[in-house]
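Visitor: Residue numbers are given in full-length UniProt numbering: position 220 of the sequence shown equals residue 220, and the series is strictly consecutive. Backbone N, C-alpha and C fix where the C-beta goes; we use that ideal spot for every residue, glycine too. Shown below is the structure under consideration.
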Amino acid sequence: SGCTPRQCSSYPPNYASTSGWEVWAITSGTLTTIATTTITSTTTINPCTLSTYRWNTAGITVLSSSQMNYITDLYMDSNDTLYIVDSGNNVVWKLLKNAATATVVAGQSGSGGSSASQLNSPQSLYLDSTSNIYVSDYLNARIQKYVNGSTVGITSAGVTGTSDSALNHLNVPRGLVIDSTDTYVYIADYNNNRILRFPTTSTTGTNGVVVAGSSTAGDTVTQLNYPWGIHYLPTLSSYLYITNYAGHSVMRWIPGNSSGEFIAGTPGTPGSTATTLSNPVAIKLDSYLNMFVADYGNHRVQMFCQNNQTAITVAGTGSSGSSATQLNNPKGIAFDSLMNLYVADSGNSRVQKFLKL
1 SGCTPRQCSS YPPNYASTSG WEVWAITSGT LTTIATTTIT STTTINPCTL
51 STYRWNTAGI TVLSSSQMNY ITDLYMDSND TLYIVDSGNN VVWKLLKNAA
101 TATVVAGQSG SGGSSASQLN SPQSLYLDST SNIYVSDYLN ARIQKYVNGS
151 TVGITSAGVT GTSDSALNHL NVPRGLVIDS TDTYVYIADY NNNRILRFPT
201 TSTTGTNGVV VAGSSTAGDT VTQLNYPWGI HYLPTLSSYL YITNYAGHSV
251 MRWIPGNSSG EFIAGTPGTP GSTATTLSNP VAIKLDSYLN MFVADYGNHR
301 VQMFCQNNQT AITVAGTGSS GSSATQLNNP KGIAFDSLMN LYVADSGNSR
351 VQKFLKL
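Okay, structure coming up:
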């Protein structure tokens, strides 16, 4: 007596109740109820696949040729402060958020030289987590580091005026990037067709370590072909992303491996289609690993959705010009916190801002 059907009825093993939330397992007259849990999962959609992940095709001129003279790179910090490498004027500018006028933070305007306070045709820059500035000083074959707002640089890689293939020398340093822990700086050693890694604490004459490429240019998976742009964010991906300027391609490469892999462009062959590039320069990746490339020879910025080798043009028309919708040999790219796109329009000596739609 007192026995309910649920307690005493006979059921086959692993009988599911009609309520749908439990399974009854019965063996040797023993009944066990096992509750099941409904699991809800959320799938994050990469916005690159949506038509809403686009930018206004007409750019806004943020800085013009009245102040700039051949811009080669851009960097945006977490406060939306924009840094501009003005190669023609041998300086680095700093433009605060919503400001109209930039100020010089490295180099001496119009005066190229090799002293600690001078730059000579600087190419690229990067900031570490404490806002120390690293600049690739092309014609001086060195990387200059500016600490705590100082305008006097410290040579942290290379030897001033010495260009060859020794591990403590650089030969036309182009792009550079610092890892997320401020441990190493990675440098695109353009004429040596390699990526060199140096500790951020290093000084002039320190040997670097080759982490990608070799001494000869080429379009195989073990070679680089005049590397220019470089992107590395190990919190998102273990790969270095590298543009091959003369190879018209983009590679990804795990630092220290003997080979990489091609992920965009046709190695060794320039082109202007959605799957080809012509002298790619700057490269940036967003948090979804969508890739943005300054396609210098095609006067455009290309967006490659993650793991997709067909690009979408997000800035420029493919022909050179100075209108609001055109670019002329773009080199640097950067994004602010709202994902507005900034382009170093080098041939027009201006910085163009393309608003996120």
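Assuming residue 231 is part of the beta strand (DSSP E), what are its boundary residues?
Guide: Residue 231 sits at position 231 when you count from the first residue of the sequence shown. 227-232 is the extent of the beta strand (DSSP E) around residue 231.
Visitor: When burial is assigned at 16 or more other CB atoms within 10 Å of the CB, is residue 72 buried or exposed?
Guide: For the purposes of this step, residue 72 is taken as residue 72 along the sequence shown, with counting starting at 1. Answer is buried; the Cβ neighbour count reaches 16.
Visitor: For the beta strand (DSSP E) containing residue 123, name the first residue and the last one.
Guide: As a position in the sequence shown, residue 123 is number 123, starting the count at 1. It spans 122-127 - the beta strand (DSSP E) in which residue 123 sits, taken as one unbroken run.
Visitor: Secondary structure at residue 346, three-state DSSP: helix, strand or coil?
Guide: Looking up residue 346 in the sequence shown gives position 346. In the structure shown, residue 346 sits in a helix (DSSP, three-state: H, G or I).
Visitor: Looking at the structure shown, is residue 56 part of a helix, part of a strand, or coil, going by DSSP?
Guide: For the purposes of this step, residue 56 is identified with residue 56 of the sequence shown, where counting begins at 1. DSSP places residue 56 in coil when its eight states are reduced to three.
Visitor: I'd like the span of the beta strand (DSSP E) that includes residue 83, first residue to last.
Guide: Translated into the one-based positions of the sequence shown, residue 83 becomes position 83. Start and end: 82-86.
Visitor: Please report the straight-line C-alpha distance between residue 278 and residue 294, rounded to a whole angstrom.
Guide: Along the sequence shown, one-based indexing puts residue 278 at 278. Along the sequence shown, one-based indexing puts residue 294 at 294. Taking the straight line joining both Cα atoms gives about 10 Å.
Visitor: Can you have a look at residue 222 and say buried or exposed, based on whether 16 or more other CB atoms are within 10 angstroms of its CB?
Guide: Within the sequence shown, numbered from 1, the residue matching residue 222 stands at position 222. By the neighbour-count rule (16 or more Cβ atoms within 10 Å), residue 222 is not buried but exposed.
Visitor: I need the straight-line Cα distance from residue 285 to residue 118, nearest angstrom please.
Guide: Counted from its first residue, the sequence shown places residue 285 at position 285. Counted from its first residue, the sequence shown places residue 118 at position 118. For residue 285 and residue 118, the distance between alpha carbons rounds to 31 Å.
Visitor: If I measure Cβ to Cβ from residue 204 and keep anything under 6 Å in the same chain, skipping five residues before and after, which residues do I get?
Guide: By one-based count along the sequence shown, residue 204 stands at place 204. Once the five neighbours on either side are set aside, the close Cβ partners of residue 204 are 155 and 159.
Visitor: Taking 8 Å as the cut-off, decide whether the C-beta atoms of residue 274 and residue 310 are in contact.
Guide: Indexing the sequence shown from 1 puts residue 274 at position 274. Indexing the sequence shown from 1 puts residue 310 at position 310. Taking 8 Å as the Cβ cut-off, residue 274 and residue 310 qualify as a contacting pair.
Visitor: Quick check: residue 49 and residue 305, are their CB atoms within less than 8 Å of each other?
Guide: Here residue 49 refers to the residue found at position 49 when the sequence shown is read from its first residue. Here residue 305 refers to the residue found at position 305 when the sequence shown is read from its first residue. Against a cut-off of 8 Å, the Cβ pair of residue 305 and residue 49 comes out as a contact.
Visitor: What is the residue span of the beta strand (DSSP E) that residue 39 lies within?
Guide: Your numbering for residue 39 matches position 39 in the sequence shown. From DSSP, residue 39 is part of no beta strand (DSSP E); its letter is neither H nor E.
Visitor: Any idea what DSSP makes of residue 49, helix, strand or coil?
Guide: In the sequence shown, residue 49 corresponds to position 49, counting from 1. Helix.
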